[in-house]
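S.K.: Residue numbers (the numbering used here), protein chains in the order written: chain A, 8 to 289; chain B, 14 to 304.
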């Protein structure tokens, strides 16, 4: 740190110290996962006999099987995929239509409209939930996947509109003029010129909407009370509420519940980190 | 086909309808309900601002906002500070001296808790901290004995804070790392030639260069801290003795457990006001900083 020692990281030992410190922090982040995996593969007897820190006596799949059967996990997976997938697609389409009018159409009062969408993104879900709950009961959509799909399509597209409107605000004019010269109307221009050009941003949004919706808890907790409609995070939470689960099933359940998101993360790691950044700079 | 701007309004129509039905009308209805006494059945009874004056006298309401301050420390202050150090170390030292693959592997590790459903993370930690969980097993092994971490009002809030730090740490790391990519390497080289040490470079180049991202991180994390619900639900349900209650859990509890819909609506409205006020304050500070 002294002036006499301008770059102590080039050859010195200090860089190793930095590496060890950062790696230790990373290890601390991983410890809860490691403990969970270790206990997910134990038998209940092994757990109660040797405690949570011991290595499994034998590799048991019973906890995983019990959890899978108990919550009918394949149904939860299907619900989560249907809900998060629909919201991702519909949310992107809705954001795109809004942003087309705001960013390229430059309709009058667009700043106010964007501010309104931004506000919708900030409003806590608690300030919407009871009327939404009452409306869902009134329309017969309560305890249906459709209710959650509609709500999150709108909530996610509030953010999507804000982001896409600023991306489309800087859309190259030459492309639009060329399309107009070719006689393309607005609808054609949107799908043939705008969409292909901003496809990277759209795919980032798609992946984000999917993962955000997958991880949502509060509104699904209120809306989806039935075993047949609940999502992956809800299944684990509602079972935990019963206090019926033994430690190995809890760990097995947590492992199964976070596996899809981890796989998703590993596949889309680049896009996700790029996406976080797109959101940050805009 | 018309070429004027009016034609673009059609594209806003689906968004406007959906937005009205899912955000505007429910928000207005919530505002109305906050001025009534209602159990969810029968007709709401208009009572004016009574819910709000009751709120100001409610000990639990103030506790919930004090706990929010703790959440801001755990979700904004600590992760941002650690994130600054980690990203600078990853970019400046590990990425350059040990290769980008090591750096991106470590980055992915820090980001991992961010991708989990937060309620699943909460349940995992709830087990770790249980009287018969892994944390106490470590305590027994090293002779510290055991403790009901989430059941004791003194330790419950610090434990929830710890979990939130664990959840949040990856977000600033990823954003700051991306921000550092766009910093001109010549700046660092020039500083190195001038004999600036690592800390001097960190303070004179890194921090000012990534200020926009620092701002975004603190704003989005503050809003997330004000809204936090899932981890509280999974870890403590606001207990013991309201030691970990937060405004969103307070509102949820009023709506669906105590059947005090009007009162819950007032809590939710108060929370909205705080979030909007904080966001506007942030934006003002940012604008002043840019001038």
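Heads up, the beta-carbon is just placed ideally off N, CA and C, and yes, glycines get one too.
With three or more beta-carbon pairs closer than 8 Å as the criterion, would you say the segment 90-100 of chain A touches the segment 211-221 of chain A?
M.R.: Enough Cβ pairs lie closer than 8 Å, so yes.
S.K.: Tell me which residues share the same chain as residue 179 of chain B and place their Cβ nearer than 7 Å to its Cβ, disregarding the 5 neighbours each side in the sequence.
M.R.: What you label residue 179 of chain B is simply residue 166 of the second chain in a count that begins at 1. Within the same chain, residue 179 of chain B has close Cβ partners 126.
S.K.: Going along the segment 140-152 of chain A in order, which residues come within less than 9 Å of chain B, judged by CB to CB distance?
M.R.: The residues in question are 140, 141, 142.
S.K.: Could you confirm whether any beta carbon from chain A is found closer than 9 Å to the beta carbon of residue 85 of chain B?
M.R.: What you label residue 85 of chain B is simply residue 72 of the second chain in a count that begins at 1. By this cut-off, residue 85 of chain B is not an interface position.
S.K.: Mark residue 32 of chain B as exposed unless 16 or more other C-beta atoms lie within 10 angstroms of its C-beta, in which case mark it buried.
M.R.: By one-based count along the second chain, residue 32 of chain B stands at place 19. Label assigned to residue 32 of chain B: buried.
S.K.: Would you list, in sequence order, the uninterrupted alpha helix (DSSP H) runs of no fewer than 4 residues that lie entirely inside the segment 134-173 of chain B?
M.R.: Fully enclosed alpha helix (DSSP H) runs of 4 or longer: 147-154.
S.K.: In chain order, which continuous runs of the alpha helix (DSSP H) of length 4 or greater are located wholly inside the segment 73-143 of chain A?
M.R.: 80-106, 117-129, all fully within the segment 73-143 of chain A.
S.K.: Judging by CA-CA distance, which residue of A:246, A:220, A:153, A:233 is the nearest neighbour of residue 268 of chain A?
M.R.: Along the first chain, read from residue 1 onward, the residue named residue 268 of chain A stands at position 261. Taking only the C-alpha atoms, the option nearest residue 268 of chain A is A:220.
S.K.: Under the DSSP definition of a beta bridge, which residues are partnered with residue 224 of chain B?
M.R.: Here the question's residue 224 of chain B lines up with position 211 in the second chain. Residue 224 of chain B pairs with nothing; no bridge assigned.
S.K.: On the three-pair Cβ rule with 8 Å, is the segment 197-211 of chain A touching the segment 114-132 of chain A?
M.R.: Not touching, per the Cβ criterion.
S.K.: Relative to the C-alpha of residue 34 of chain A, which residue among B:137, B:120, B:294 is closest?
M.R.: By 1-based counting over the first chain, the position of residue 34 of chain A is 27. Considering only alpha carbons, the answer is B:120.
S.K.: Quick check on residue 50 of chain B: does DSSP put it in helix, strand or coil?
M.R.: If you number the second chain from 1, residue 50 of chain B lands on position 37. Residue state, collapsed to three classes: strand.
S.K.: Return the chain-ordered list of same chain residues with a C-beta closer than 7 Å to the C-beta of residue 95 of chain B, the five sequence neighbours on each side being excluded.
M.R.: Within the second chain, the letter at position 82 stands for residue 95 of chain B. Taken in chain order, the residues that qualify are 182.
S.K.: How long is the line joining the alpha carbons of residue 21 of chain B and residue 40 of chain B, rounded to whole angstroms?
M.R.: Taking the first residue of the second chain as 1, we reach residue 21 of chain B at position 8. Taking the first residue of the second chain as 1, we reach residue 40 of chain B at position 27. Cα-Cα distance, rounded: 27 Å.
S.K.: In chain A, which residues lie less than 7 Å from residue 240 of chain B when you measure between Cβ atoms?
M.R.: Along the second chain, read from residue 1 onward, the residue named residue 240 of chain B stands at position 227. Neighbours of residue 240 of chain B on chain A, chain order: 131.
S.K.: How long is the line joining the alpha carbons of residue 28 of chain A and residue 93 of chain B, rounded to whole angstroms?
M.R.: Along the first chain, one-based indexing puts residue 28 of chain A at 21. Along the second chain, one-based indexing puts residue 93 of chain B at 80. Approximately 17 Å, taken between the alpha carbons.
S.K.: Since residue 58 of chain B sits in a beta bridge, which residues does DSSP pair it with?
M.R.: Within the second chain, the letter at position 45 stands for residue 58 of chain B. Paired residues: B:50.
S.K.: Within the continuous alpha helix (DSSP H) that includes residue 90 of chain B, where are the two ends?
M.R.: Mapped onto the second chain, residue 90 of chain B falls at position 77. No alpha helix (DSSP H) holds residue 90 of chain B; DSSP gives it neither H nor E.
S.K.: Do residue 260 of chain B and residue 74 of chain B come within 9 Å of each other at the CB atom, strictly closer than that value?
M.R.: Within the second chain, numbered from 1, the residue matching residue 74 of chain B stands at position 61. Within the second chain, numbered from 1, the residue matching residue 260 of chain B stands at position 247. Yes, they are a contact pair.
S.K.: Shorter than 9 Å from the beta carbon of residue 52 of chain B to some beta carbon of chain A?
M.R.: Sequence index remark: in the second chain, residue 52 of chain B carries index 39 (1-based). Not one chain A Cβ lies under 9 Å of residue 52 of chain B.
S.K.: So, at 7 Å on beta carbons, what are the nonlocal neighbours of residue 164 of chain B in its own chain, with the 5 sequence-adjacent residues on each side left out?
M.R.: Position 151 of the second chain, counted from the first residue, corresponds to residue 164 of chain B. Excluding residues within five positions, the ones whose Cβ falls inside 7 Å are 253.
S.K.: Looking only at C-alpha atoms, which of A:140, A:167, A:166 sits nearest to residue 154 of chain A?
M.R.: The residue labelled residue 154 of chain A in the question sits at position 147 within the first chain. Closest option to residue 154 of chain A, Cα to Cα, is A:140.
S.K.: DSSP state of residue 39 of chain A, grouped into three classes?
M.R.: Locating residue 39 of chain A in the first chain gives position 32, where the first residue counts as 1. Helix at residue 39 of chain A.
S.K.: Give the secondary structure of residue 7 of chain A by DSSP, where H, G and I count as helix, E and B as strand, and everything else as coil.
M.R.: A query on residue 7 of chain A cannot be resolved here, the shown segment of chain A reaching from 8 to 289 and no further.
S.K.: My understanding is that residue 35 of chain B touches residue 157 of chain A, with C-beta atoms under 8 Å, so please give their C-beta distance in whole angstroms.
M.R.: Counting from one through the second chain, the residue named residue 35 of chain B turns up at place 22. Counting from one through the first chain, the residue named residue 157 of chain A turns up at place 150. Rounded, the Cβ-Cβ distance is 7 Å, consistent with contact.
S.K.: Does the distance from the CB of residue 269 of chain B to the CB of residue 280 of chain B come in under 9 Å?
M.R.: By 1-based counting over the second chain, the position of residue 269 of chain B is 256. By 1-based counting over the second chain, the position of residue 280 of chain B is 267. Result no, Cβ atoms of residue 269 of chain B and residue 280 of chain B do not sit closer than 9 Å.
S.K.: Find the nearest neighbour of residue 57 of chain A within the set A:254, A:275, A:266, judged by alpha-carbon distance.
M.R.: Taking the first chain and counting its residues from 1, the one referred to as residue 57 of chain A is at position 50. When only C-alpha atoms are compared, the closest one is A:254.
S.K.: Does residue 118 of chain A pass the burial test, meaning 16 or more other C-beta atoms within 10 Å, or should it be called exposed?
M.R.: Within the first chain, the letter at position 111 stands for residue 118 of chain A. Per the 10 Å Cβ criterion, exposed.
S.K.: With three or more C-beta pairs closer than 8 Å as the rule, is the segment 182-193 of chain A touching the segment 60-76 of chain A?
M.R.: With a cut-off of 8 Å, the segment 182-193 of chain A and the segment 60-76 of chain A do not count as touching, because too few Cβ pairs lie within range.
S.K.: Between the segment 122-141 of chain B and the segment 226-245 of chain B, are three or more C-beta pairs nearer than 8 Å?
M.R.: Counting Cβ pairs under 8 Å, three or more are found: they touch.
S.K.: Using the C-alpha atoms, what's the distance from residue 116 of chain A back to residue 83 of chain A?
M.R.: In the first chain, residue 83 of chain A corresponds to position 76, counting from 1. In the first chain, residue 116 of chain A corresponds to position 109, counting from 1. Taking the straight line from one Cα to the other gives about 43 Å.
S.K.: Shortest alpha-carbon distance to residue 110 of chain A belongs to which of A:62, A:150, A:169?
M.R.: One-based indexing of the first chain puts residue 110 of chain A at position 103. Closest option to residue 110 of chain A, Cα to Cα, is A:169.
S.K.: Within 8 Å, do at least three Cβ pairs link the segment 195-212 of chain B to the segment 51-67 of chain B?
M.R.: With a cut-off of 8 Å, the segment 195-212 of chain B and the segment 51-67 of chain B do not count as touching, because too few Cβ pairs lie within range.
S.K.: Among the residues of its own chain, which have a CB less than 7 Å from the CB of residue 238 of chain B, if the five just before and after it don't count?
M.R.: In the second chain, residue 238 of chain B corresponds to position 225, counting from 1. Cβ neighbours of residue 238 of chain B beyond the five flanking positions: 81, 84, 85, 88, 89.
S.K.: Below 8 Å on the Cβ atoms is my guess for residue 25 of chain B versus residue 114 of chain A; work out the distance and round it to an integer in Å.
M.R.: If you number the second chain from 1, residue 25 of chain B lands on position 12. If you number the first chain from 1, residue 114 of chain A lands on position 107. Going by Cβ atoms, the distance from residue 25 of chain B to residue 114 of chain A rounds to 7 Å, so yes, they are a contact pair.
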